[in-house]
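Enquirer: Residue numbers (numbering that gives the first Met the number 0): 0 to 210.
Just so it is clear, CB atoms sit at the ideal spot from N, CA and C, and this is done for glycine as well.
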Amino acid sequence: MSSFTPAHDESRGLSAAVAPAASPAQLAGSSELASIKLKLKDNLRHFADFPIPGIDFVDIMPLFLNPDAHSSLNAALDLQVKEAFSGKIDVVVGLDARGFLFGPSLALRQGVSFAPVRKKGKLPGPCVTAAYEKEYGTDFFQMQEDAVKKGQRVLIVDDIIATGGSAKAAADLVRQLGGEVVGYLFILEIPGLDGRKKLGDVPIAILLEDA
Numbered sequence: 000m001s002s003f004t005p006a007h008d009e010s011r012g013l014s015a016a017v018a019p020a021a022s023p024a025q026l027a028g029s030s031e032l033a034s035i036k037l038k039l040k041d042n043l044r045h046f047a048d049f050p051i052p053g054i055d056f057v058d059i060m061p062l063f064l065n066p067d068a069h070s071s072l073n074a075a076l077d078l079q080v081k082e083a084f085s086g087k088i089d090v091v092v093g094l095d096a097r098g099f100l101f102g103p104s105l106a107l108r109q110g111v112s113f114a115p116v117r118k119k120g121k122l123p124g125p126c127v128t129a130a131y132e133k134e135y136g137t138d139f140f141q142m143q144e145d146a147v148k149k150g151q152r153v154l155i156v157d158d159i160i161a162t163g164g165s166a167k168a169a170a171d172l173v174r175q176l177g178g179e180v181v182g183y184l185f186i187l188e189i190p191g192l193d194g195r196k197k198l199g200d201v202p203i204a205i206l207l208e209d210a
């Protein structure tokens, strides 16, 4: 795959009644992204009845086994952010644990910091805490108090959105720290669970829809 460095589009951060016409660079970026997505989907694996009967589990791990696929994933996520979200991002926040697989590399490509959301008791020092519901009860996420500064614009990333509970808890943590959640980015979505409803009006992007 040829290297691709999309041009920064300042117009994406502007508020206007009529969106500006797409530039040649934007059109090239959209075409590049669509092509990469098709290749990434070819690397996914499906496992029937996992982890319970009736579930068709989509395995993203082959994307990390193949260096070319891994590189393509990083490029696609970077392009998806530029295409889907307006304005500057200051921090990428990744959820424990699969958000750690690609969140740091995405932050590096964006030129911003990365902050982890971890299960309670896994981070040292002063932390903020938020609860979320799981199928067997309540669990807790934490972030360190200095992970996000007041007023910073935050993108929350994870591998999959299902019920939306864990992503909402991550947003609660960011807001406790005074940050602004400007978007959510997931690789996949489990349909039928209405996870997006818990996330309010914040923009959501799914990299590999209908995978």
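Have a look at Gly178 and Ala169 and give me their C-alpha separation to the nearest angstrom.
Expert: Distance between the alpha carbons of Gly178 and Ala169 is about 11 angstroms.
Enquirer: Report the three-state DSSP secondary structure of Phe185 (helix, strand or coil).
Expert: If DSSP states are grouped into helix, strand and coil, Phe185 belongs with the strands.
Enquirer: Does the beta-carbon of Asp200 have 16 or more other beta-carbons within 10 angstroms, so that it is buried, or is it exposed?
Expert: Classification of Asp200: exposed, given that the 10 Å Cβ count is below 16.
Enquirer: Hey, out of Asp209, Gln143, Gly120, Lys36, whose CA is closest to Val127's CA?
Expert: Closest by alpha carbon: Gln143.
Enquirer: Does the Cβ-Cβ distance between Gly182 and Ala166 come in under 8 angstroms?
Expert: Not a contact, by the Cβ cut-off of 8 angstroms.
Enquirer: Which full runs of the alpha helix (DSSP H) of 4+ residues lie inside the region 121–199, going along the chain?
Expert: Counting only runs of 4 or more, we get 164–175.
Enquirer: Take Pro5 and list the residues in its own chain whose beta-carbon comes closer than 7 angstroms to its own, dropping the five residues that flank it on each side.
Expert: Its pLDDT being 35, under 50, Pro5 is placed unreliably in this model, and the coordinates cannot settle the point.
Enquirer: Starting from Gly102 and walking both ways along the alpha helix (DSSP H), at which residues does that stretch end?
Expert: From DSSP, the alpha helix (DSSP H) with Gly102 extends over 98–109.
Enquirer: For a test of the three-state rule: what should DSSP assign to Ile88, helix, strand or coil?
Expert: Three-state DSSP puts Ile88 in coil, outside helix and strand.
Enquirer: Report the option in Asp41, Leu206, Gly93 whose CA atom is closest to the CA atom of Gln141.
Expert: Measuring from the Cα of Gln141, the nearest candidate turns out to be Gly93.
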